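What follows is a short report on a single structure.
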Amino acid sequence: MTNCIENFKNLSAQLGQRFLQDGRVSNYLRGHTAAADECIKQLAQSEGIFGRVALVALGGYGRRELFPYSDLDVMVLLEQNPDQETAEKIERFLMKLWDMGLTVGSSVRTIESALEESAKDITVQTALLEARLIEGDLLLFARLQKEFFSQMDAAGFFRAKALELRQRHQKHEDTPYSLEPNVKESPGGLRDLHMLFWCSHAAGMGATPEEMLAAGTISNQEADKLKEVHHALKSFRIYLHLIAGRHEDRLIFDLQTALAQAAGYKDTEHQLASEALMKRYYLTAKSVRQLTDIFMQMFEDKFYDEGYVQETVIDRTFIARGYTLDITHEGAFRDDPNAILRAFYLLESSAPLKRLSVSLLRELMSARELIDERFRDDPANKAMFMQILKMPHGVSHALQDLNQWGILGLFLPEFQHIVGQMQHDLFHTYTVDQHTMRVVRNIRYFTRSEYAHEYPICTRLMQGMKDNWRLVLAALFHDIGKGLGGHHEKAGAKILQAFCDRFSIDQETTDYLVFLVREHLTMSLVAQKQDLSDPDVIKRFAQIVQTEDRLNGLFLLTVCDIRATGPKVWTQWKSQLLQDLYWQTLPLVRQGGAPDRESLLLQRQKEAGEMIVKAGVTPKKIEAIWKTLTLQYYLRHTAEGIAWQTISLAKVFPTDEPFVATRILPQNAGIEILVYTPDRTGLFASILGFLQKKRFSVLDARIYTTLDHKAFNTFVVSDNGGRDIGELNEKLADELTEWLSNPRELPKTKPGKLSRRSRHFPLQPLVNIEADESGKNYLLSITCMDRIGLLFDIATILNKYHVNLQTAKIMTMGERVEDVFLIDGEALKDIPTTVAIEKDLLEVLTPEL
3 MTNCIENFKN LSAQLGQRFL QDGRVSNYLR GHTAAADECI KQLAQSEGIF
53 GRVALVALGG YGRRELFPYS DLDVMVLLEQ NPDQETAEKI ERFLMKLWDM
103 GLTVGSSVRT IESALEESAK DITVQTALLE ARLIEGDLLL FARLQKEFFS
153 QMDAAGFFRA KALELRQRHQ KHEDTPYSLE PNVKESPGGL RDLHMLFWCS
203 HAAGMGATPE EMLAAGTISN QEADKLKEVH HALKSFRIYL HLIAGRHEDR
253 LIFDLQTALA QAAGYKDTEH QLASEALMKR YYLTAKSVRQ LTDIFMQMFE
303 DKFYDEGYVQ ETVIDRTFIA RGYTLDITHE GAFRDDPNAI LRAFYLLESS
353 APLKRLSVSL LRELMSAREL IDERFRDDPA NKAMFMQILK MPHGVSHALQ
403 DLNQWGILGL FLPEFQHIVG QMQHDLFHTY TVDQHTMRVV RNIRYFTRSE
453 YAHEYPICTR LMQGMKDNWR LVLAALFHDI GKGLGGHHEK AGAKILQAFC
503 DRFSIDQETT DYLVFLVREH LTMSLVAQKQ DLSDPDVIKR FAQIVQTEDR
553 LNGLFLLTVC DIRATGPKVW TQWKSQLLQD LYWQTLPLVR QGGAPDRESL
603 LLQRQKEAGE MIVKAGVTPK KIEAIWKTLT LQYYLRHTAE GIAWQTISLA
653 KVFPTDEPFV ATRILPQNAG IEILVYTPDR TGLFASILGF LQKKRFSVLD
703 ARIYTTLDHK AFNTFVVSDN GGRDIGELNE KLADELTEWL SNPRELPKTK
753 PGKLSRRSRH FPLQPLVNIE ADESGKNYLL SITCMDRIGL LFDIATILNK
803 YHVNLQTAKI MTMGERVEDV FLIDGEALKD IPTTVAIEKD LLEVLTPEL
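Using this note's numbering, you'd call the opening residue of the sequence shown number 3 and step up by one each time.
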């Protein structure tokens with residue numbers, strides 16, 4: 003027995019090594035299955051359990067697809083319930099299976115119990131569908147097969163599997179294009195193909211592509227495509243198991259590079275080997291989704307005959323049958339190539355229509371070769387594409403479908419290179435084309451009143467915008483320059499310019515579209531990296547935007563772009579920053595000018611004063627507080643912020659004791675903290691030490707010292723753990739006051755550890771210190787990996803060199819941060835000292851591997 007298990011393990015290892023050398027999928031799977039069969043036979047023989055017993059392989063093992071670390075699913079089939087001696091033999095046999103080094107799924111059943119469980123449990127029914135005799139009583143196994151298939155309710159089986167499919171897809175966000183997909187369970191993975199084979203087998207339409215072709219279920223082209231994608235996905239899964247050395251079905255970052263190298267992919271100038279591998283996977287998953295759509299609909303038509311449906315002839319190519327759009331005859335697209343795009347227009351613009359027929363989809367797949375240069379240059383096709391963009395409803399669905407069926411990339415060759423293109427960074431969650439489709443979807447949400455409660459400003463702007471289709475086109479092209487080298491926004495603007503020329507779009511619209519694509523990163527960068535209380539920042543941004551129409555378009559595109567990047571990237575704080583920038587810029591682009599600093603100061607003081615007096619603070623108390631402040635303070639805060647701080651401080655002013663006030667920002671964007679306390683060395687680092695201890699992320703910091711030497715600092719923080727923001731805010735002021743009243747030694751700085759994802763997106767920390775435009779202050783720019791305590795460590799280094807921090811702008815993109823600090827201090831005037839500061843910062847920013 004020991005020899006048989008050792009032989010199996012040795013043979014498994016040899017098969018794995020051979021696969022890594024030749025990549026032959028069928029040889030590996032059949033060889034591994036045969037090796038397991040032989041070992042199981044010997045183990046059963048050693049326990050003497052043969053007789054009126056059948057050993058049956060189920061599931062993937064049953065279909066001879068035993069992957070390196072797949073489950074070994076074995077059923078012991080008996081004619082009747084076993085006596086004690088037989089039961090003990092079977093138990094010992096099943097225990098020995100675990101020594102083979104695989105996870106064992108085992109069961110002991112009679113024909114009656116197997117059928118009974120199958121009727122109650124769709125999982126058991128599915129497993130029995132792929133049952134295969136390993137050894138034992140052939141007649142017993144044949145009886146099980148006969149009775150199982152005679153009782154099979156193909157329609158019920160399909161219903162259960164269709165529900166299972168939807169639930170599984172929802173679990174994986176209904177997309178195969180996540181950056182770490184599961185090759186088995188994700189949409190477009192192996193499980194989708196298995197489901198097609200199961201449903202076909204249950205309906206007597208063939209269990210394999212070859213059988214399905216012979217039964218007339220599928221065409222030659224579909225059979226070839228099924229075999230191609232099935233082979234590809236099986237190859238991915240074998241590589242994953244072998245390289246991981248365990249049962250691993252996720253294409254996680256840790257394995258992508260090694261897998262790509264093992265599969266023969268090479269780095270190129272514009273694409274890493276892992277990116278090429280992932281593109282191959284995404285294109286495979288896309289084909290699986292196409293086939294799944296066709297076959298699921300085919301099964302639905304077979305099992306759910308609607309009876310008579312009303313037919314309406316639309317034109318010589320299309321006919322509506324109930325809610326299904328169909329073609330009038332075979333070869334319809336070859337007779338009328340313009341109908342390829344028109345099909346998607348009709349589907350979305352005709353209210354009763356909800357889907358494309360199986361015959362239409364099959365014709366579409368074979369007709370895609372018609373989309374050549376002549377097709378692309380045809381004025382009728384150009385007009386139809388523009389008509390799709392301008393539809394009042396269904397635009398995002400139409401574009402998603404065009405991309406899903408491979409039409410969009412063929413009609414727009416410039417789009418093709420981003421299809422399935424992985425974004426090798428720390429904050430994008432989807433491939434470039436899927437991110438683009440999500441941006442388009444987000445934009446179209448703003449045209450629908452049911453989403454107005456989520457983003458009322460965006461909905462109002464979108465619904466009031468002239469020709470809002472322009473925003474859809476800008477979204478479609480905004481990332482089209484990715485993967486071409488250099489700045490993708492500039493490359494994208496050039497590509498869009500060429501598109502507009504080719505489609506004869508007027509110059510005014512072209513200029514607007516090119517502006518949006520060229521500047522689609524600008525508003526986010528200004529909002530998150532620059533001081534929005536500085537009028538010069540707003541003035542420079544207004545000069546870039548120039549018009550209200552451009553400002554509205556850029557604001558909407560920026561919101562939709564960030565929201566489509568990934569679930570962790572969009573925050574209420576970023577929403578608030580973008581809105582602040584929008585509202586401050588709007589008067590400037592409307593009036594064509596900006597108030598000078600003195601006028602702005604007077605305006606802010608006037609507005610703040612009115613709010614403070616309304617809150618019951620006396621003019622005498624306001625004057626006492628404000629005479630300790632300088633122009634710099636008023637230019638760093640909005641009128642509303644000045645009012646809140648003054649009202650809060652008036653309760654205790656004057657005081658030499660630490661005072662802390664907090665409030666929750668609108669839309670739960672974060673907690674704003676006001677700290678007023680006698681200034682001292684290391685105060686800023688001390689506050690950050692407290693915030694680090696409480697697991698807060700600092701989003702914004704403004705450091706100010708009054709004329710009477712009091713620290714008058716504000717921070718905006720967010721929770722870093724899903725806690726209740728209201729409960730945190732209740733305790734925060736008292737806890738921070740106590741911390742400041744009893745100074746303690748601060749923890750030492752130490753490099754942070756990288757997350758699993760970050761380790762596979764290497765980012766070398768960057769530090770730069772340079773004088774600002776005034777020459778009086780300095781700008782410290784830092785790009786590095788994010789982690790808890792990062793800002794505290796930076797502040798500790800600055801404190802070491804007696805460098806003062808005035809403001810901090812924190813820009814977080816997933817697990818990457820780009821922070822900008824306004825600093826001053828005598829040390830910065832000495833070049834060797836500045837170099838030493840940069841060196842120390844780099845040391846603490848470089849994470850532990």
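C-beta: ideal position from N, C-alpha, C; glycine also. None of the values given here were measured: they were computed from a predicted structure.
Less than 6 angstroms between C-beta atoms, sequence neighbours within five positions excluded: which residues of the same chain meet that for Arg638?
Within the same chain, Cβ atoms closer than 6 angstroms to the Cβ of Arg638 are found at Ser535, Arg704, the five residues on either side in sequence being excluded.
Cβ neighbours of Ala265 in the same chain (closer than 8 angstroms, five flanking residues each side left out)
Excluding the 5 residues flanking it on each side, Ala265 has same chain C-beta neighbours closer than 8 angstroms at Gly25, Ser237, Tyr241, Leu279, in chain order.
Which residues does DSSP list as the beta-bridge partners of Phe320?
Phe320 is bridged to Ile329.
Based on DSSP bridge pairs, tell me the residues matched to Pro680.
Lys712.
Which two residues bound the contiguous beta strand (DSSP E) that contains Lys811?
Element bounds for Lys811: 806-811.
In this structure, how does DSSP classify Gly266 when only helix, strand and coil are distinguished?
DSSP places Gly266 in coil when its eight states are reduced to three.
Contacts around Glu840, its chain only, beta-carbon distance under 7 angstroms, and the 5 residues preceding and following it disregarded:
Within the same chain, Cβ atoms closer than 7 angstroms to the Cβ of Glu840 are found at Val769, Ile771, the five residues on either side in sequence being excluded.
Starting from Met77, follow its DSSP beta bridges and name the residues at the other end.
Val58, Ser109.
State the CB to CB distance for the pair Asn444 and Ala566, rounded to an integer number of angstroms; the pair is presumed to be in contact (CB under 8 angstroms).
About 6 angstroms; that satisfies the 8 angstroms criterion.
So, does the stretch 357-377 touch the stretch 322-333, judging by three or more C-beta pairs under 8 angstroms?
The stretch 357-377 vs the stretch 322-333: in contact.
Looking at the strands, I want to know which residues DSSP matches up with Ala529.
The secondary-structure analysis by DSSP pairs Ala529 with nothing; it has no beta-bridge partner.
Selected residue, minimal CA-CA separation from Phe52, among Lys91, Thr125, His174, Gln23
The shortest Cα separation from Phe52 among Lys91, Thr125, His174, Gln23 belongs to Lys91.
Roughly how many angstroms separate the alpha carbons of Gly494 and Phe417, rounded to a whole number?
C-alpha separation (whole angstroms): 10 angstroms.
Looking at the secondary structure, which residues open and close the alpha helix (DSSP H) in which Ala345 lies?
Element bounds for Ala345: 341-351.
Exposed or buried, what is Gln647 when buried is set at 16 or more other beta-carbons lying within 10 Å of its beta-carbon?
With at least 16 other beta carbons inside 10 angstroms of its own, Gln647 counts as buried.
When the Cα atoms are used, what is the spatial distance from Tyr635 to Leu709?
Straight-line measurement puts the Cα of Leu709 at about 11 angstroms from the Cα of Tyr635.
Report yes if the C-beta distance between Asp269 and Val185 is below 8 angstroms; otherwise report no.
Result no, Cβ atoms of Asp269 and Val185 do not sit closer than 8 angstroms.
So, is Leu824 buried or exposed, given that buried needs 16 or more other C-beta atoms within 10 angstroms?
Buried: at least 16 other Cβ atoms inside 10 Å.
For Ile812 and Val846, which I take to be in contact (beta-carbon distance under 8 angstroms), what is that distance rounded to the nearest angstrom?
So it is not a contact: roughly 17 angstroms between Cβ atoms.
In three-state DSSP terms, what is Met388?
Correct three-state label for Met388: helix.
Could you tell me how far apart the beta carbons of Asp533 and Thr809 are, in whole angstroms, since I believe they sit closer than 8 angstroms?
With a Cβ gap of about 6 angstroms, Asp533 and Thr809 count as contacting.
Under the DSSP definition of a beta bridge, which residues are partnered with Gly791?
None; Gly791 has no bridge partner.
Is Leu807 near Ala797, with beta carbons less than 8 angstroms apart?
The Cβ atoms of Leu807 and Ala797 sit closer than 8 angstroms to each other.
Give a yes or no on contact between the stretch 54-66 and the stretch 116-135, applying the rule of three or more CB pairs nearer than 8 angstroms.
Here the stretch 54-66 lies against the stretch 116-135, with 3 or more beta-carbon pairs under 8 angstroms apart.
Ser188 (DSSP reduced to helix, strand or coil)
Reduced to three states, the DSSP call for Ser188 is coil.
Report back the beta-carbon spacing between Leu701 and Ser688 to the nearest angstrom; my notes put them in contact at under 8 angstroms.
The beta-carbon distance between Leu701 and Ser688, rounded to whole angstroms, is 19 angstroms. This is too long to meet the 8 angstroms contact definition.
Are Ala626 and Val677 close, meaning C-beta to C-beta below 8 angstroms?
No.
Quick one: using the 10 Å Cβ neighbour count with 16 as the cut-off for buried, is Lys281 buried or exposed?
Flag for Lys281 reads buried.
State buried or exposed for Asn5, treating a residue as buried only when at least 16 other CB atoms are found within 10 Å of its CB.
That one is exposed.
Is the separation between the beta-carbon of Leu475 and that of Leu527 shorter than 8 angstroms?
Their beta carbons are not under 8 angstroms apart, which means Leu475 does not touch Leu527 by this criterion.
Comparing alpha-carbon positions, which option in His171, Ala663, Asn12, Cys201 lies nearest Lys304?
Closest in alpha carbon position to Lys304, among His171, Ala663, Asn12, Cys201, is Cys201.
Within 10 Å of its beta-carbon, does Asn715 have 16 or more other beta-carbons around it, so buried, or fewer, so exposed?
Asn715 sits buried, since 16 or more C-beta atoms from the chains shown fall within 10 Å of its C-beta.
Endpoints, the alpha helix (DSSP H) within which Asn444 is located
Going by DSSP, Asn444 is part of the alpha helix (DSSP H) stretching over 434-447.
Is DSSP giving Ser276 helix, strand or coil here?
In the structure shown, Ser276 sits in a helix (DSSP, three-state: H, G or I).
Taking C-alpha atoms, which residue in Asn731, Ala544, Asp681, Leu414 lies nearest to Leu742?
For the residues Asn731, Ala544, Asp681, Leu414, the minimum Cα distance to Leu742 belongs to Asp681.
How far does the beta strand (DSSP E) with Glu772 in it extend, from its first residue to its last?
In the DSSP annotation of this structure, the continuous segment of the beta strand (DSSP E) that includes Glu772 starts and ends at 768-773.
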